[in-house]
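Heads up: the structure comes next, in structure tokens.
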Amino acid sequence: MIKYVEVMVDVSVEQVDRPFTYKVPERLESQIKVGRKVLVPFGRQRVEGYIIREFEADEDDFEFAVKPINKVLTDYAFFDEELLKLAKWMSEYYQSYLISSLKAIVPSGQTKIKTKQVVKLAQSVEESKKLLDKISDRAYKQKEVFSFLIDNPKINLTNTELAEKLETTSGIIRTLINKGYLQYVEKEVKRNPHSHHNFRTTTPLDPTPEQKVAIEEISSALEQKESSTILLKGVTGSGKTEVYLQVIAKTLESGKDTIVLVPEISLTPQTIARFKGRFGDQVAVLHSQLSAGERFDEWRRIKFGDVKIVVGARSAVFAPFNNLGLIIIDEEHETSYKQEDHPKYHAREVAVKRAELVGAVTLLGTATPSLEAYHRTEIGEYKLIELKKRIDDRPLPTVELIDMRKELKTGNKTMFSQPLQEGMIDRLKKGEQTMIFLNRRGFSTFVQCRECGHVMKCNDCDVSLTYHATPNILQCHYCDHKEGVPNICPNCESIYIKYFGVGTQKVEEGLKELFPEAKVARMDVDTTRRKGEYERILSAFKQGKIDILVGTQMIAKGHDFSNVTLVGVITADTALNLPDFRAGERTFQLLTQVAGRTGRGEKAGEVIIQSYTPEHYSIQFSKNHDYNGFYNFEIETRKFASYPPFTHIISIVISDEREDKVIEVSNLLSDIIREKLNKIDDEGIMLLGPVQAPLSRVRGQYRWQLLLKGKELEKIRKVNQESLLRLNELSTLKTIKVSVDVDPLGML
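For the sequence shown, our numbering assigns the number 8 to the initial residue and increments by one for each residue that follows.
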């Protein structure tokens, strides 16, 4: 019998979305394992791929000559059978190629072990001591170096580092190497992203009565050793993190591993410090602020069992633990848990499936659950546990709604209402801090000619360019195109150019003008591009070096600053104007979360929300911190309109640089789907479109969209898959891109 493997090659096209069989040469047999990366012949080239199955067979079992694999590229497996099952489920559920799902699991970027050449004794310590006497006393520096390494045989220093430490030269060390007393040895360098931090050790706090009940119920679920999902709904400041920490401790006691997912935007030093402070070196961290090398080394610590807990963003759901007991998803409602590239998975659904595969518990925590998650507690799929009170019974902040239309009528044309200005003056006098929230970065939303009405737009995207004062540019926030600000209108050559709308940069400038004595800082994508900036700004704010912090949703959740007693929302209507059935839900969640940043210490908190539509139900319910009221109103609207959670949606976007071809293929796919729907005669499935996508052009690609809607996901997935296969057979336009998003969170 001969050994063979099935390999998924790293080629993302429909025709090769299946495993290929390769023979294993005898010299490589010992290196073969599911999950390892290999180099294989594929057509006229050699490509990388991943082993997904090993088996033995006779050569006669094949009707064709089976090529041998060329090389095994890693001495470790990127995934095991459990993660392979998860990848297969993802590719089926989200209708993506299996290789795409596998690559979502494999750590991205650099996957090489970093080494350095260190100086070591060339023989044992005992033998080295005997050789020491052979070195002349006149060569005292050689003797000093050799003696140091005899006394410190485990130290790992390069030639240069050793020379600097002992205040000698590299030449002295090379002489000892030439004599055979010392040698160079390759040693692995573990990149530790937190080596410069000293985390303060913490101990478990005495739980409140509500926390105690929550900890007991979650611990009971962990003891069942069966898969279950629990929604921990706790108002902001109710101590959800302490519940997480104490149930993780229970998981550790049972010898099991834990994954903690947090939104990328909230993966703050404060969050990491809480877990590192409680569990020390048992915690690994995975997020985008790490370098590729740091991420890979953290991944290897998880892989080889050096840690028991991983804290990370969305992709940490694939952490290579082999004894998983608990997955925690903090701020479960966050849209950042949905992957934008293929496979377009949602970390919550993947976590629940992974827990199901291994009998683990999934714990979802938030003050404002997604409608899907809360609805599942009502129908019995998830268990609901509530924390209704803040720690020490602190009151939720008072919320004042300001109608900006009335402000305008009183003559206030600034972006700050009179009550907000007075509130900030009061906090500055008291030495308290303010957070100002605006979900829009940049200086102005768009630039327009007042003469002819021309708006400066991106050449490649169907969006207006955003003005940034520092540097003085217009920028597209979809393709990152940048251009200078025109002095005259490119359409009519008028000099009357005006900046409209408000961005975080403009708010920052406005605050500095209003309060020249105040220390004002801004936190958005533009100010946190460089590594460490995010941490620096938050640290300065915590230390009281900043009086007013302006920011986008980065500042809206996950932070705990006891001296913040005022939160101002510049405009609550931004998300409400988007063409999306989830606009009301997002607005409610964001306002409730941002309100929760204040009043977390001994001092009471206040929230001032500015709006041009204060009567909107999302804003009214958030004013009263009334999640149940909002949920009951919104769920009836969704039920009436047949939107999730009562139906599933598949969004299909057709794109190409030629709009006529996009329209042609969109109409062809629409005809294929309608024909299929007529045959199966299922009134529960609806096709909407094709229509221009809300963002009709991005990065030079025209975009048209179709939506499939139905109660049974399996049925609409089948219709979609069969229709796309038929489209592939009929269409000759191979350059056309078709993007499928199952259960999309946004309609743009």
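Using N, Cα and C, we set each Cβ at its ideal position, and we do this for glycine too.
Proximity winner among the options, relative to residue i (alpha-carbon distances)
i	options	result
Lys-30	Gly-42, Leu-91, Ile-9, Val-41	Ile-9
Glu-66	Ile-59, Arg-60, Pro-75	Pro-75
Ala-590	Arg-645, Trp-711, Gly-606, Asn-635	Arg-645
Lys-92	Ile-392, Asn-159, Val-357, Ala-528	Val-357
Asn-329	Ile-336, Gln-296, Ile-266	Ile-266
Gly-235	Leu-139, Ala-367, Gly-287	Reading the sequence as shown, one finds Ser at residue 235 and not Gly. Closest option to Ser-235, Cα to Cα, is Ala-367.
Glu-666	Gln-149, Lys-360, Ile-743	Ile-743
Ser-115	Lys-123, Lys-121, Phe-85, Lys-136	Phe-85
Leu-90	Val-269, Leu-331, Ala-280, Lys-186	Leu-331
Leu-173	Leu-156, Asn-185, Lys-186, Thr-182	Leu-156
Val-20	Leu-105, Pro-48, Ile-39, Leu-583	Leu-105
Ser-298	His-488, Asn-199, Ile-723	Asn-199
Gly-50	Asp-68, Glu-63, Ile-386, Val-73	Val-73
Lys-413	Ser-424, Val-406, Glu-407	Ser-424
Ile-60	Asp-68, Lys-40, Ala-547, Asp-158	Reading off the sequence shown, one finds Arg at residue 60, where the question assumed Ile. The residue with the shortest Cα to Cα distance from Arg-60 is Lys-40.
Val-745	Thr-209, Val-698, Arg-281, Leu-676	Leu-676
Val-749	Glu-99, Pro-26, Val-250, Gly-691	Glu-99
Contacting residues, own chain, Cβ-Cβ under 7 Å from residue i (five flanking each side not counted)
i	result
Lys-247	Leu-239, Gly-241, Gly-372, Leu-394
Leu-35	Ile-76, Val-79
Thr-167	Ser-177
Pro-160	Leu-128, Val-132
Val-406	Ala-602, Val-614, Ile-616, Lys-630
Leu-740	Lys-668, Val-672
Beta-carbon spacing of residue i, residue j below 8 Å
i	j	result
Leu-481	Val-462	no
Ile-162	Phe-153	no
Gly-56	Met-15	yes
Val-125	Val-192	yes
Phe-444	Ile-112	no
Lys-396	Glu-217	yes
Pro-426	Gly-612	no
Gln-787	Gln-728	In the structure as shown, the chain starts at 8 and stops at 755, and residue 787 therefore has no counterpart that could be examined.
Gly-539	Thr-243	no
Ala-129	Ser-108	no
Ser-629	Phe-588	no
Ile-553	Lys-526	yes
Thr-756	Thr-375	In this structure the chain extends from 8 to 755, so residue 756 is not present and cannot be described.
Ile-680	Leu-694	yes
Thr-605	Val-571	yes
Lys-148	Thr-175	yes
Glu-641	Glu-592	yes
Met-422	Ile-577	yes
Thr-342	Leu-752	yes
Ile-336	Arg-355	yes
Val-290	Val-314	yes
Lys-283	His-201	yes
Contacts around residue i, its chain only, beta-carbon distance under 6 Å, and the 5 residues preceding and following it disregarded
i	result
Phe-450	In this predicted model, Phe-450 has a pLDDT of only 45, less than 50, meaning its place in the structure is not dependable enough to derive any value.
Pro-32	Pro-75
Thr-441	Met-431, Arg-434, Ile-555, Leu-573
Arg-383	Tyr-389
Asn-635	none
Gly-575	Leu-427, Ile-443, Ile-615
Beta-carbon contacts of residue i that lie in its chain and below 8 Å, excluding the five residues immediately before and after
i	result
Arg-448	Below a pLDDT of 50, predicted positions are generally treated as unreliable, and Arg-448, at 48, falls in that range; the measurement from the model is reported next regardless. Same-chain partners within the cutoff: Thr-473, His-484, Gly-510, Thr-511, Gln-512, Asp-531, Val-532, Asp-533, Thr-559.
Arg-706	Asp-467, Cys-468, Tyr-485, Cys-486
Ile-495	Ser-501, Ile-502, Ile-504
Asn-498	Cys-456, Cys-459, His-461
Ala-648	Phe-588
Leu-802	No answer is possible for residue 802: the residues shown for the chain start at 8 and end at 755.
Thr-165	Lys-123, Gln-124, Val-125, Val-126
Lys-610	Glu-439, Ser-569, Asn-570, Thr-572
Val-196	Lys-121, Thr-122, Lys-123
Gln-38	Val-79, Asp-82
Interface flag, residue i vs chain B, CB-CB below 8 Å
i	result
Lys-92	Protein chains in the displayed structure number just one, and chain B is not present.
**Q.** Complete runs of the alpha helix (DSSP H) confined to the region 224-291 [at least 4 residues]
**A.** Those alpha helix (DSSP H) runs which fall completely within the region 224-291 and span 4+ residues are 247-260, 276-286.
Q. Hey, which unbroken runs of the beta strand (DSSP E) at 3 residues or more fall wholly within the region 547-600?
A. Qualifying beta strand (DSSP E) stretches, in chain order: 555-558, 571-576.
Q: Determine, using beta-carbon pairs with one atom in the region 463-472 and one in the region 698-705, whether at least three such pairs fall under 8 Å.
A: Yes: at least three Cβ pairs fall under 8 Å.
(Q) For the structure I just gave you, are there three or more beta carbon pairs, one from the region 706-723 and one from the region 655-674, closer than 8 Å? (A) The region 706-723 is in contact with the region 655-674.
Q: Run through the region 443-503 for me and flag every whole beta strand (DSSP E) of 3 or more residues, listed as ranges in chain order.
A: Correct list: 453-456, 473-475, 480-482, 489-491.
(Q) Quick test of the definition: if touching needs 3 or more C-beta pairs under 8 Å, does the region 226-233 touch the region 306-325? (A) Counting Cβ pairs under 8 Å, fewer than three are found: no touch.
Q) Would you call the region 713-723 and the region 603-620 in contact, with 3 or more CB pairs under 8 Å? A) Touching, no, given that fewer than three Cβ pairs across the two stretches are closer than 8 Å.
Q) Which residue spans inside the region 141-201 form an unbroken alpha helix (DSSP H) run of at least 4? A) Counting only runs of at least 4 residues, the region 141-201 fully encloses the following alpha helix (DSSP H) elements, listed from N- to C-terminal order: 147-158, 166-172, 177-185.
Q. Fully enclosed by the region 373-448, which alpha helix (DSSP H) runs are 4 residues long or longer?
A. Entirely contained in the region 373-448, the alpha helix (DSSP H) runs reaching 4 residues are, in chain order, 378-385, 411-416, 425-437.
Q. Fully enclosed by the region 614-686, which beta strand (DSSP E) runs are 3 residues long or longer?
A. Look at the region 614-686 and you find these whole runs of beta strand (DSSP E), each 3 residues long or longer: 655-663.
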